[in-house]
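**Student:** Residue numbering for the sequence shown follows our numbering, beginning at 211 and increasing consecutively. The beta carbon of each residue, even a glycine, is placed where N, CA and C say it ideally should be. Predicted model, so just to flag it, every value in this text is computed and none were measured.
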Amino acid sequence: MSRFSAVPRLSPAQASYALNESGVRFRHATAILCGALLAPSALADEHAGHSEELSPTVITAVAPSSPLTIVTNPKDPRQPVPASDGADYLKTIPGFAMVRNGGTNGDPVLRGMFGSRLNILTNGSMMLGACPGRMDAPTSYISPESYDKLTVIKGPQTVLWGPGSSAGTILFEREPEHFGELGTRVDASVLAGSYGRFDKRVDAAAGGESGYIRVIGNTAHSDDYQDGNNDTVASRYEKWNGDVALGWTPNADTLLELTAGRGDGEARYAGRSMDGAQFLRESLGLRFEQSNIGEILDTVEAQVYYNYADHVMDNYTLRTPSGTGMMAGPMASNVDRRTLGTRIKATWRWADVQLVSGIDAQANEHRERSAMDIDTYKDLPYTKDAGFHNYGVFGELTWYAADRDRLINGARLDRASAKDYRQTIGSGMMTLPNPTAGDTRADTLPSGFIRYEHDLADSPTTLYAGLGHTQRFPDYWELFSPDSGPAGSVNAFDSIKPEKTTQLDFGLQYKTEALEAWASGYVGQVRDYILFNYTPTTMGTTSQAENIDARIMGGELGAAYNFTDNWKADATLAYAWGKNSSDGSALPQMPPLDARFGLTYSEENWSAGALWRVVAAQNRIDQNKGNVVGKDFDKTPGFGVFSLNGAYRINSNWKVSSGVDNLFGKAYAEHLNLAGNAGFGYPANDPQAIKEPGRTLWTKVDMSF
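1. Does the Cβ-Cβ distance between A480 and I758 come in under 9 angstroms?
2. Give the DSSP bridge partners of K555, in chain order.
3. Within 10 angstroms of the Cβ of Q289, are there 16 or more other Cβ atoms? Answer buried if so, exposed if not.
4. At the level of alpha carbons, what is the spacing between F890 and A444?
5. State whether the segment 267-280 contacts the segment 359-368, with contact taken as three or more CB pairs (one from each stretch) at a distance under 8 angstroms.
6. Who does Y592 pair with in a DSSP beta bridge?
7. Would you mind reading off the limits of the beta strand (DSSP E) that contains L673?
8. Check whether the segment 705-714 and the segment 675-683 are in contact - that is, three or more C-beta pairs closer than 8 angstroms.
9. Here's a check: name, in chain order, each residue in its chain whose Cβ is nearer than 7 angstroms to the Cβ of I584, leaving out the five neighbours to either side.
10. Which same chain residues, not among the five before or five after L466, have their C-beta less than 6 angstroms away from its C-beta?
11. Kindly indicate which residue of A414, A415, D409 has the alpha-carbon position closest to the one of H431.
12. From what residue to what residue does the beta strand (DSSP E) around A702 run?
13. Could you spell out where the beta strand (DSSP E) holding E756 opens and where it closes?
14. Over the uninterrupted beta strand (DSSP E) stretch that includes W371, give me the two end residues.
15. DSSP beta-bridge partners for I740?
16. With a floor of 4 residues, list each alpha helix (DSSP H) that falls wholly inside the segment 764-827, ordered by position along the chain.
17. In the segment 405-482, which residue ranges form an unbroken beta strand (DSSP E) of at least 3 residues, counting only runs that do not cross its ends?
18. Taking the alpha-carbon positions, what's the N517 to A581 distance?
19. Just verifying my parser: in three-state terms, what is the DSSP assignment at H238?
20. For my contact list, A571 and Y601 are in at a C-beta cut-off of 8 angstroms; report their separation, rounded to the angstrom.
21. Does T641 pass the burial test, meaning 16 or more other C-beta atoms within 10 Å, or should it be called exposed?
22. Taking all protein chains shown into account, do 16 or more other C-beta atoms lie within 10 angstroms of the C-beta of D896, making it buried, or fewer, making it exposed?
23. Between the alpha carbons of W371 and G471, how many angstroms are there, rounded?
24. Tell me which residue opens and which closes the beta strand (DSSP E) that W864 is part of.
25. Taking A760 as the reference, which of P798, L783, G869, T747 has the closest Cα?
26. Could you pull out every residue in the same chain whose Cβ sits closer than 6 angstroms to the Cβ of V911, ignoring the five residues on either side in sequence?
27. To the nearest angstrom, how far is it from the Cα of D804 to the Cα of Q633?
28. Note down, in chain order, each residue of its chain lying with its Cβ closer than 7 angstroms to the Cβ of L689, except the 5 sequence neighbours on either side.
29. Applying the criterion that 16 or more other CB atoms from any shown protein chain within 10 Å of the CB defines a buried residue, is Y422 buried or exposed?
30. Go through its chain and collect everything with a Cβ distance to A652's Cβ below 6 angstroms, but skip five positions before and after it.
31. Do the segment 734-746 and the segment 295-312 meet, that is, are 3 or more Cβ pairs less than 8 angstroms apart?
32. Report, in whole angstroms, the separation of the C-beta atoms of Y811 and G765, which I expect to be a contact under 8 angstroms.
33. Quick one: Cα of P692 to Cα of G840, how far?
34. Tell me F852's beta-bridge partners as DSSP assigns them.
35. Assess, as a yes-or-no matter, whether the segment 333-341 is touched by the segment 506-523 under the definition of 3 or more beta carbon pairs within less than 8 angstroms.
36. Please name the residue or residues paired with K629 in a DSSP beta bridge.
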């Protein structure tokens, strides 16, 4: 079934209010949870109040729940085939695209903006990848279905969740458990599909009035897929994750929760010269919440978190070394990153005003080691090359000026710094002493926004407009990954300036019983936009980071109409445009116009639907320019992909959903893409985009007690 949202729609005032309110080894955990799955149905019935009835739907589009904010349930099955990582999930939301790697671990793009222009948090913490080429993008460590809620805030329209976020903020969240009396709950799913796809997930909790324990485990597997031409694309992956949460709830207004998690995986990439042989994740977190404190000070929240990524790249675990060229023999690189962060915030309320204020801080360090031959890197010590710190103070105020008018504004100030520990730069015969070895650079960066929302008196319509400004400190990939900085500079660390984005967001939302429609647009200017320029040489390709000025604009449209009680149609449209105003060329790595059309027939316990995705050609490119992951290497033609889906709710606890993606086996490639690597038979001197999967069948079974 095609529908817009799995969550109830809040009134605009409620939505704004809600927005501001807002180890154990996996295999051992799985054995324990399997026992819970086999518990007698009488026990499940006794505690059925702890779970929600499964809806017989397949999600194909999601509408905003309030201005510039999308809230959805990542556990709901959706088309295309349910995602294996965070970026794969986000691409189903209008406005998002993804720099494709192959089968998994792509990099999310919102409105053409990439990297740390997107703040991505899991349970309020930030998981930073370690690969200099973002092979392990932050979303590669996220299993979407293990979270209860996904919130997307488009544009620089919040200051609560850390620095940067010029393009948007993405929150994957797990809700605290609530047991009125001693009880248990179990949620589980199994997904099987073409090309050996097989995913398993179990989410179980037990507790009472005073506390709870929650255990979550999942595995995901896929073999290499075949594209529409029946050619095999190197894309095999294997992943697992396990997480535990212990909560103490001495009363209804107090929560103390300790979390711990671990995961790992491997993935091979048709578009890279190395594969990911290890994606080790370790996470720890502690959070405290106290609500209903007094008449003015309402809530205090505090958390501290630790995340560690240990990533291995090599050319021998999942492929055979080429035997020729720079990657002739086996080689490996091991990088890791430790991130420690904290946040304290308080919510204050007066008659018509709400203020959320607080402080946050984060520190992370990056290390690396590499060697030729198989696993010899394990005998080498790590070398620290970079360290980052950020300290921020923020406040966000909502004024309910009248029954139909709200004014939301926020401001934050960040002190950001980075230290260069590298003694040399370059590699091989091009290794040189590093002129900035031991240097520290720091900036004080202000950000803020103001937004006005108005509900029309004679129409179920909300209008809004917001102006935001964000100054973003360059991230690890922009300071340490390029081979050089702007012309005449020592290196990128010495010379790349912070990015400054000023953006106007505007739109409307309309909702009646039969019709829901929405539109959002933006226009912005980016001073000192950080651009990567790639130059082919006889020794390979060199990268240069530089600052330019850019202009951006675009938007998203959507509508859903109920023809009858059974028939429903929906459509969405997303467009992003950018221009390098420093030289007049197109801003690279912009996704093309993307439209989706859905039609659904539903009864009480089952649904059937169709999804037609139509993507325009992208002719506005700037060849060999882009970001740390991707670059424009060619224009791309448009394409259309047709898919079918269906779902059946067996009873309140069991649901089966199924789909056929790319029904007609279309051979096509996304514009944001990596060129296929010569190690997998792609032409070395004629870049070719990696094609998407051909006809794909999948079936998912959900269970909830």
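**Tutor:** Looking at the coordinates:
1. By one-based count along the sequence shown, residue 480 stands at place 270. By one-based count along the sequence shown, residue 758 stands at place 548. Result no, Cβ atoms of A480 and I758 do not sit closer than 9 angstroms.
2. Within the sequence shown, numbered from 1, the residue matching residue 555 stands at position 345. Here K555 is bridged, per DSSP, to E511, G568.
3. Working through the sequence shown from its first residue, we reach residue 289 at position 79. Buried, by the Cβ-count rule.
4. For the purposes of this step, residue 890 is taken as the residue at position 680 of the sequence shown. For the purposes of this step, residue 444 is taken as the residue at position 234 of the sequence shown. In a straight line, the C-alpha of F890 is about 7 angstroms away from that of A444.
5. The segment 267-280 vs the segment 359-368: in contact.
6. Translated into the one-based positions of the sequence shown, residue 592 becomes position 382. Bridge partners of Y592: none, in fact.
7. The residue labelled residue 673 in the question sits at position 463 within the sequence shown. 671-682 is the extent of the beta strand (DSSP E) around L673.
8. The segment 705-714 is in contact with the segment 675-683.
9. Numbered from its first residue, the sequence shown carries residue 584 at position 374. Residues of the same chain with a CB within less than 7 angstroms of the CB of I584, apart from the 5 flanking positions on each side, are Y526, P540 in chain order.
10. Counted from its first residue, the sequence shown places residue 466 at position 256. Only residues of its own chain outside the window of five on either side were considered, and among them W458, F498 have a CB closer than 6 angstroms to the CB of L466, listed in chain order.
11. The sequence position of residue 431 within the sequence shown is 221, counting from 1. Minimum Cα distance to H431 is reached at D409.
12. On the sequence shown, residue 702 is found 492 positions in, with the first residue counted as 1. Counting along the chain, A702 falls outside any beta strand (DSSP E), though it belongs to the alpha helix (DSSP H) covering 702-705.
13. As a working note, residue 756 is residue 546 in the sequence shown. Run containing E756: 750-772, per the beta strand (DSSP E) assignment.
14. Counting from one through the sequence shown, the residue named residue 371 turns up at place 161. Element bounds for W371: n/a, residue is neither H nor E.
15. Within the sequence shown, numbered from 1, the residue matching residue 740 stands at position 530. In the DSSP assignment, the residues bridged to I740 are N757.
16. With a minimum length of 4 residues, there is no unbroken run of alpha helix (DSSP H) contained wholly in the segment 764-827.
17. Those beta strand (DSSP E) runs which fall completely within the segment 405-482 and span 3+ residues are 407-418, 421-432, 447-458, 464-477.
18. As a first step, residue 517 must be located in the sequence shown, where it is residue number 307. As a first step, residue 581 must be located in the sequence shown, where it is residue number 371. Between N517 and A581, the C-alpha separation is close to 26 angstroms.
19. If you number the sequence shown from 1, residue 238 lands on position 28. Here H238 scores only 39 on pLDDT, less than 50, and its place in the model is too uncertain to base an answer on.
20. Position 361 of the sequence shown, counting from 1, holds the residue named residue 571. Position 391 of the sequence shown, counting from 1, holds the residue named residue 601. Confirmed, about 5 angstroms.
21. By 1-based counting over the sequence shown, the position of residue 641 is 431. Exposed, because fewer than 16 other Cβ atoms sit within 10 Å of the Cβ of T641.
22. As a first step, residue 896 must be located in the sequence shown, where it is residue number 686. The residue is exposed, with fewer than 16 neighbouring Cβ atoms inside 10 Å.
23. Walking along the sequence shown from the start, residue 371 turns up at place 161. Walking along the sequence shown from the start, residue 471 turns up at place 261. So the alpha carbons of these two residues sit roughly 22 angstroms apart.
24. Your numbering for residue 864 matches position 654 in the sequence shown. Residue range 864-871 is occupied by the beta strand (DSSP E) that includes W864.
25. Residue numbering aside, residue 760 sits at position 550 when the sequence shown is read from its first letter. Residue P798 holds the alpha-carbon nearest to the alpha-carbon of A760 among P798, L783, G869, T747.
26. The sequence position of residue 911 within the sequence shown is 701, counting from 1. Apart from the 5 residues on each side of it in sequence, V911 sits with its Cβ closer than 6 angstroms to the Cβ of V400, V866 in its chain, given in chain order.
27. Within the sequence shown, residue 804 is the residue found at index 594, counting from 1. Within the sequence shown, residue 633 is the residue found at index 423, counting from 1. Cα atoms of D804 and Q633: separation of roughly 46 angstroms, rounded to the nearest angstrom.
28. Counting from 1 along the sequence shown, the entry for residue 689 is found at position 479. Answer for L689: A628, A702, F703, I706, listed in chain order.
29. Locating residue 422 in the sequence shown gives position 212, where the first residue counts as 1. Classification for Y422: buried.
30. In the sequence shown, the residue the question calls residue 652 occupies position 442. Result list for A652: S627, in chain order.
31. Too few Cβ pairs lie closer than 8 angstroms, so no.
32. Taking the sequence shown and counting its residues from 1, one reaches residue 811 at position 601. Taking the sequence shown and counting its residues from 1, one reaches residue 765 at position 555. No, Y811 and G765 are not in contact; Cβ-Cβ is about 30 angstroms, not under 8 angstroms.
33. Here the question's residue 692 lines up with position 482 in the sequence shown. Here the question's residue 840 lines up with position 630 in the sequence shown. The alpha-carbon atoms of P692 and G840 are separated by roughly 13 angstroms.
34. Looking up residue 852 in the sequence shown gives position 642. Looking at the DSSP assignment, F852 forms a beta bridge with W822.
35. As far as the Cβ criterion goes, the segment 506-523 touches the segment 333-341, which means the pair count is three or higher.
36. Within the sequence shown, the letter at position 419 stands for residue 629. Answer is G597, T650, bridged to K629.
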